[in-house]
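Residue numbering for the sequence shown is 2 to 152, as defined by my numbering.
A short write-up of the structure that comes next.
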Amino acid sequence: MAGVIVLLMTVQITADVVSRNLFNEPIPGTLELTAYLFMPLIVFLALAYAEYAEEHIRATIVVARLSGRIAQATELAGRIVTLVVVLVLTYYAVIGAIYATEIRLEALGAITLPVWPVKILTAVGWALFALQQTVSTATLFIRSTTRNDHG
2 MAGVIVLLMT
12 VQITADVVSR
22 NLFNEPIPGT
32 LELTAYLFMP
42 LIVFLALAYA
52 EYAEEHIRAT
62 IVVARLSGRI
72 AQATELAGRI
82 VTLVVVLVLT
92 YYAVIGAIYA
102 TEIRLEALGA
112 ITLPVWPVKI
122 LTAVGWALFA
132 LQQTVSTATL
142 FIRSTTRNDH
152 G
């Protein structure tokens with residue numbers, strides 16, 4: 002989904018640049034669409050997939066120097082802390098989406114753009130990320146428990 006949005010954003014920005022340079026007329030709303038629609042959706046709808054594909058940036062400087070159970074425990078502790086932070090951010094994204102929907106939040110600029118639907122999709126993105134983070138953490142826990150019990 003995020004890939005389709007990147008494509009749409011690329012087309013919008015390219016058309017804006019061409020229109021501005023050839024006709025001296027920018028396309029109204031390109032800034033608003035990019036800032037309030039395209040970019041948030043690209044980021045938040047891709048979080049869960051990046052976790053699933055294990056593509057998030059990881060700082061392994063500490064864990065790489067450890068071995069055995071200590072490395073596993075440190076990795077698991079880091080995942081648990083990450084999960085808690087993601088759950089908190091998901092909670093506040095849902096609260097923000099509810100509020101934005103209640104007041105029908107809009108971005109005002111060259112065009113008026115409703116922002117509340119994007120807030121809902123952002124909360125959905127956080128919720129999917131939290132779900133995938135839960136699965137990743139549980140998988141790591143099960144793997145480390147199984148290895149410790151049988152090997």
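Where a beta carbon is used, it is the ideal one built from N, C-alpha and C, also for glycine.
- Taking a contact to require three or more Cβ pairs closer than 8 Å, the region 123 to 133 and the region 94 to 104 qualify as touching.
- The Cβ atoms of Phe130 and Val87 lie closer than 7 Å to each other.
- With fewer than 16 neighbouring CB atoms inside 10 Å of its own CB, Val85 falls in the exposed class.
- Taking C-alpha positions only, Ile43 is separated from Val116 by approximately 15 Å.
- Segment contact: the region 131 to 146 against the region 61 to 68, fewer than three CB-CB distances shorter than 8 Å; contact not assigned.
- Under the DSSP assignment, Thr102 falls in the alpha helix (DSSP H) whose first and last residues are 69 to 104.
- Following the DSSP letters along the chain, one finds Ala51 inside the alpha helix (DSSP H) bounded by residues 40 to 53.
- Under the DSSP assignment, Glu33 falls in the alpha helix (DSSP H) whose first and last residues are 31 to 34.
- With a cutoff of 7 Å on beta-carbon distance, Asp17 and Ile28 are scored as near each other.
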